[in-house]
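Notes to accompany the following structure.
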Amino acid sequence: MLNKAILGIVVCLAGVGLSFGQEFPKPGPEHEKLKEMVGTWDAVMDMGGQKSKATAIYKSICGGMWLESDFQGALGDHKFQGRGLDGYDLKKKKYVGVWIDSLDSAPMNFEGDYDPKTKLLVMTGESLGPDGKPQKFKNTTESKDKDHFTFKMYMIQPDGKEQLAFTIDYTRRK
Numbered sequence: 001m002l003n004k005a006i007l008g009i010v011v012c013l014a015g016v017g018l019s020f021g022q023e024f025p026k027p028g029p030e031h032e033k034l035k036e037m038v039g040t041w042d043a044v045m046d047m048g049g050q051k052s053k054a055t056a057i058y059k060s061i062c063g064g065m066w067l068e069s070d071f072q073g074a075l076g077d078h079k080f081q082g083r084g085l086d087g088y089d090l091k092k093k094k095y096v097g098v099w100i101d102s103l104d105s106a107p108m109n110f111e112g113d114y115d116p117k118t119k120l121l122v123m124t125g126e127s128l129g130p131d132g133k134p135q136k137f138k139n140t141t142e143s144k145d146k147d148h149f150t151f152k153m154y155m156i157q158p159d160g161k162e163q164l165a166f167t168i169d170y171t172r173r174k
């Protein structure tokens, strides 16, 4: 069984073009930026004036190449869980991520850039909407300080206008 696992790893590495003499990619400053979110956060979600509380736990995984998030909360009387995976694609030179949650069976994939002057990470992507048609979206993450950040999700309408779907304010738990 162990030999099959080792063989599988070798085949995977060969398939992505890595040889045994080649170095693996290492986390860079963009990955360090993501690591600033590691920890437990208390969150307040505002969806059209309806507020709810949640908890988010961020962990650095895979040698610091990825940030894993676990979001637990409620929307009205319904429990809500979401999981995220964020990183920085060294080939694309873009922040990338995927989000899944208990409200949808389709994942949300996105990519974008961080502006250190405005402390704003802007990500865009597309997923299937409730009607099964593609839905474009944009999200922003604004760093207030090391213990506070704000996330906003916008749906992009067919005419290109942005409609704010919700805002989440995060405070690091001490």
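If you read the sequence shown in our numbering, its first letter stands for residue 1, the second for the next number, and so on. Where is the CB? At the ideal position from N, CA and C, for every residue including glycine.
Leaving out the 5 sequence neighbours to the left and right, which residues in its chain are closer than 7 Å to residue i when beta-carbon positions are compared?
i, result
"residue 38", "58, 59 and 60"
"residue 33", "114"
"residue 85", "66, 68, 97 and 98"
"residue 144", "150"
"residue 72", "54, 55 and 81"
Starting from the Cα of residue i, find the closest Cα among the options and give me that residue.
i, options, result
"residue 69", "89, 97 and 53", "97"
"residue 43", "56, 67 and 34", "56"
"residue 104", "87, 27, 94 and 132", "132"
"residue 127", "143, 108 and 86", "108"
"residue 155", "165, 28 and 26", "165"
Tell me the rounded alpha-carbon separation between residue i and residue j.
i, j, result
"residue 158", "residue 22", "46 Å"
"residue 74", "residue 82", "11 Å"
"residue 63", "residue 28", "11 Å"
"residue 87", "residue 31", "7 Å"
"residue 146", "residue 121", "15 Å"
"residue 77", "residue 102", "14 Å"
Taking the Cβ atom as the reference point for each residue, do residue i and residue j lie within a distance shorter than 8 Å?
i, j, result
"residue 152", "residue 139", "yes"
"residue 93", "residue 111", "no"
By Cβ distance, which residues of its chain are closer than 6 Å to residue i, with the 5 residues on each side in sequence left out?
i, result
"residue 167", "46 and 152"
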